[in-house]
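In the UniProt record's numbering, the protein residues as written are 1 to 326.
We put the CB at the ideal spot given by N, CA and C, even for glycine.
Quantities reported herein were computed from a predicted structural model and do not represent experimental measurements.
What follows is one structure encoded as structure tokens, with my remarks underneath.
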């Protein structure tokens, strides 16, 4: 039936195929049409429709036109989470976890991107201990320690000097760095695709393949963990957090990554889940306070507009007399 609709012509180049050669026509799973052997070289590709409807990553034969189009769109974020079948979202825990991680990363960025603390104040170095003899280094052989400390310029010069020394020239029982690139807090995010955190609702086929392989979850956690550690230690970043206005315990709360914390969807104020399970504008203290201020401003504006014209003229005359006195 498909060949009859195509009138025995190739869907790519339009070449008419004789009836005796119709068995050599190749079917494209992407377009759902038949192509000749020149326009279809049996290239295998992942089809977005199969992933969205059934989480199926099988490589299916497609035509050369479909291959070029899929390669062009492979890393472009054009898919949304709402495009997936509800059954896929319910059954695929990895997809839900990665979507939650991306949303948390999107909420984390505003807290740290304007932090002006010195990025070299919390460098992480991987250290190990070496000795002159095997007995001295026996307890430390193969042991690597990740150490965070406040590094000044003298420490950085010393580490750079030691890293360039050969092993036989190392001092006795030297504590030295084996992998310590000086990186800023947000530098690890530069290697990630920008839409992972800026637009957590958008997905590409490459992202979905990374979700299936577990790569997206692993890379996101490795990139976000130093930022979370910074938020828990930096005084300036902690000042951007929230305090529960129900119990006033003084604990700093953030709207991401905390099981016992809930956030108001309107003002993003955070509360303990045990204090306010479902914050809404009608029960959130911050939203109620804002609404009260809004009503007061409206009342003040109405009072200004309801003043009589004589009062306005008197106030204008008083203002002009004050200007003359000045």
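Exercise. My understanding is that residue 253 touches residue 270, with C-beta atoms under 8 Å, so please give their C-beta distance in whole angstroms.
Key: For this step, residue 253 is matched to residue 253 along the chain shown. For this step, residue 270 is matched to residue 270 along the chain shown. Yes, they are in contact, since the Cβ atoms of residue 253 and residue 270 sit about 4 Å apart, within 8 Å.
Quiz item: Which residue's Cα is closest to the Cα of residue 62: 91, 236, 28?
Solution: Taking the chain shown and counting its residues from 1, the one referred to as residue 62 is at position 62. Closest option to residue 62, Cα to Cα, is 28.
Quiz prompt | Inside the segment 250 to 276 only - beta strand (DSSP E) runs reaching at least 3 residues | solution = 261 to 263, 270 to 272
Exercise. Enumerate in chain order the residues of its own chain whose CB-to-CB distance from residue 39 is below 8 Å, with the five nearest sequence positions on each side excluded.
Key: Your numbering for residue 39 matches position 39 in the chain shown. These residues qualify, in order along the chain: 10, 11, 12, 13, 63, 64, 65.
Quiz item: Do you know offhand how far residue 17's Cα is from residue 73's?
Solution: The count along the chain shown starts at 1 and reaches residue 17 at position 17. The count along the chain shown starts at 1 and reaches residue 73 at position 73. Cα to Cα, residue 17 sits roughly 31 Å from residue 73.
Self-check item: Among 250, 107, 273, the one whose alpha carbon lies nearest that of residue 260
Solution: The residue labelled residue 260 in the question sits at position 260 within the chain shown. Cα-wise, what sits closest to residue 260 is 273.
Exercise. Give the DSSP-derived three-state secondary structure of residue 304 in the structure shown.
Key: Within the chain shown, numbered from 1, the residue matching residue 304 stands at position 304. Reduced to three states, the DSSP call for residue 304 is helix.
Quiz prompt | Rounded C-alpha distance that separates residue 191 from residue 115 | solution = Translated into the one-based positions of the chain shown, residue 191 becomes position 191. Translated into the one-based positions of the chain shown, residue 115 becomes position 115. Between residue 191 and residue 115, the C-alpha separation is close to 20 Å.
Quiz item: Shortest alpha-carbon distance to residue 284 belongs to which of 244, 303, 250, 304?
Solution: One-based indexing of the chain shown puts residue 284 at position 284. Of the candidates 244, 303, 250, 304, the one whose C-alpha sits nearest the C-alpha of residue 284 is 244.
Quiz item: What's the call for residue 194, buried or exposed, on a 16-neighbour Cβ count within 10 Å?
Solution: One-based indexing of the chain shown puts residue 194 at position 194. Result: exposed.
Practice problem: Identify every run of the beta strand (DSSP E) within the segment 18 to 66, keeping only runs that are complete inside it and at least 3 residues long; order them along the chain. | Solution: Entirely contained in the segment 18 to 66, the beta strand (DSSP E) runs reaching 3 residues are, in chain order, 26 to 28, 33 to 35, 43 to 46, 59 to 62.
Quiz item: Which class does residue 237 belong to by DSSP, given the choice of helix, strand or coil?
Solution: The residue given as residue 237 occupies position 237 in the chain shown. Helix.
Quiz item: Residues in its own chain within less than 8 Å of residue 277 by CB, not counting five upstream and five downstream?
Solution: Along the chain shown, one-based indexing puts residue 277 at 277. So the list reads 262, once near-sequence residues are dropped.
Quiz item: DSSP state of residue 9, grouped into three classes?
Solution: On the chain shown, position 9 is the one that residue 9 refers to. Of the three classes helix, strand and coil, the one that applies to residue 9 here is strand, per DSSP.
Practice problem: May I ask which residues mark the beginning and end of the alpha helix (DSSP H) holding residue 206? | Solution: Numbered from its first residue, the chain shown carries residue 206 at position 206. Unbroken alpha helix (DSSP H) run through residue 206: 205 to 213.
Quiz item: Under three-state DSSP, which class holds residue 192?
Solution: Position 192 of the chain shown, counted from the start, is the residue given in the question as residue 192. Three-state result, residue 192: coil.
Quiz item: Excluding five sequence neighbours on each side, which residues of the same chain lie with their C-beta closer than 7 Å to the C-beta of residue 47?
Solution: Position 47 of the chain shown holds residue 47. Same-chain partners within the cutoff: 29, 30, 60.
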